[in-house]
Each structure stands twice: as C-alpha cells, then as structure tokens.
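Okay, so here's the structure we're looking at.
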Amino acid sequence: MADRVRTDYRISSYDSPLIRTQGRGAARGGRGGPVSRGRPPPPNSSKSKREAILDLSKYVNERIRVKFTGGREVTGILKGYDQLLNLVLDEVEEEIQEPEPQNRSLGLVVLRGPTITLLSPVDGSEEIANPFIAQE
1 MADRVRTDYR ISSYDSPLIR TQGRGAARGG RGGPVSRGRP PPPNSSKSKR
51 EAILDLSKYV NERIRVKFTG GREVTGILKG YDQLLNLVLD EVEEEIQEPE
101 PQNRSLGLVV LRGPTITLLS PVDGSEEIAN PFIAQE
C-alpha cells in the first residue's frame with residue numbers, strides 16, 4: 001500500500017491538454033481553502049462598508065415614475081425596495097403609448113430591478129420639448 005501514488009488528472013484553465021499532478025491536495029489549493037499565492041491578506045480594519053448608489057428611502061410613500069427596458073413606463077407610490085433595486089409600488093398605472101395613448105390601472109406590483117432603466121420622482125419634474133428635434 002505504501003508504494004501507491006495518488007494521481008489526479010485535471011483540466012487546466014490554460015490552453016494545454018490534461019495536466020497530470022501527483023497528490024497535491026489541500027496544501028496547493030485543492031479543496032483545502034483559499035490560497036494566498038504570495039499576496040498578503042487585506043487588512044480588516046480598513047474595510048469600508050459598501051454604500052448604496054441610490055438612496056431610495058427619501059422616496060418611500062412618494063409617487064415615482066419607472067421606465068423599463070423595452071419601453072414600458074409606470075407610475076406608482078413606492079412602498080419598498082431592496083439592494084437589487086427590486087421595487088414594490090402601489091396604485092400603479094401603466095402608460096401605454098401605442099396604438100393610442102391610454103392608462104391602465106395595475107394596483108400593487110413588484111418590479112424587478114434588472115429590467116429598470118430609469119427611476120424618477122413624479123413631483124418636481126415636468127416633461128419638456130425635445131431640444132434635438134429640428135425646429136420647423
């Protein structure tokens with residue numbers, strides 16, 4: 001039994017074919033935990049907590065407008081949110097532009113964060129004419 005050598009075959013992340021390694025185990029990073037590879041560990045005392053880009057807490061219980069990828073647009077009262085920008089809106093109305101402009105009432109909805117492209121408060125904002133359209 002002592003003359004047996006454990007042999008593993010692993011596929012390298014490089015373009016080379018199978019690499020033959022002999023009993024590398026945990027000391028070389030195989031299922032034994034992270035390997036530092038000569039880099040010092042980051043200091044724990046200087047770790048800063050990641051701050052959110054958007055502070056949506058000031059818009060809770062306020063009416064907001066949300067635009068999605070694909071062109072849909074809704075307005076509603078923000079009731080809740082999370083770090084992935086998933087939103088809970090109440091009294092939601094979808095503004096449908098085609099074939100003719102109309103509003104559709106949706107009630108209470110959950111909006112997925114990855115599909116949101118624009119988020120703005122309704123109060124304090126107004127629509128302006130497009131300055132890039134050629135004047136006639």
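Numbered by full-length UniProt numbering, the letters in the sequence shown go through residues 1 to 136 in order.
A virtual CB, placed ideally from N, CA and C, is assigned to each residue, including glycine.
Judged by DSSP secondary structure, Q102 falls within the beta strand (DSSP E) whose first and last residues are Q102 to L111. With a cutoff of 8 Å on beta-carbon distance, G76 and E95 are scored as not near each other.
Our two residues, D82 and V110, have alpha carbons roughly 11 Å apart in a direct line. Using a 10 angstroms sphere on the CB of L54, the tally of other CB atoms stays under 16, which defines it as exposed.
DSSP places P121 in the strand class (E or B) of the three-state scheme. Per the C-alpha coordinates, the member of G71, L84, E91 and T69 positioned closest to E62 is E91.
A straight-line Cα-Cα distance of about 9 Å links L89 and I64. Bounds of the beta strand (DSSP E) holding V92 are L87 to I96.
When T115, I128 and I133 are compared, the shortest CA-CA separation from V74 is found for T115.
Taking the Cβ atoms as the reference, L56 lies roughly 12 Å from L84, outside the contact range of under 8 Å. DSSP places T75 in the strand class (E or B) of the three-state scheme.
Looking at the DSSP output, Y81 shares a beta bridge with L87.
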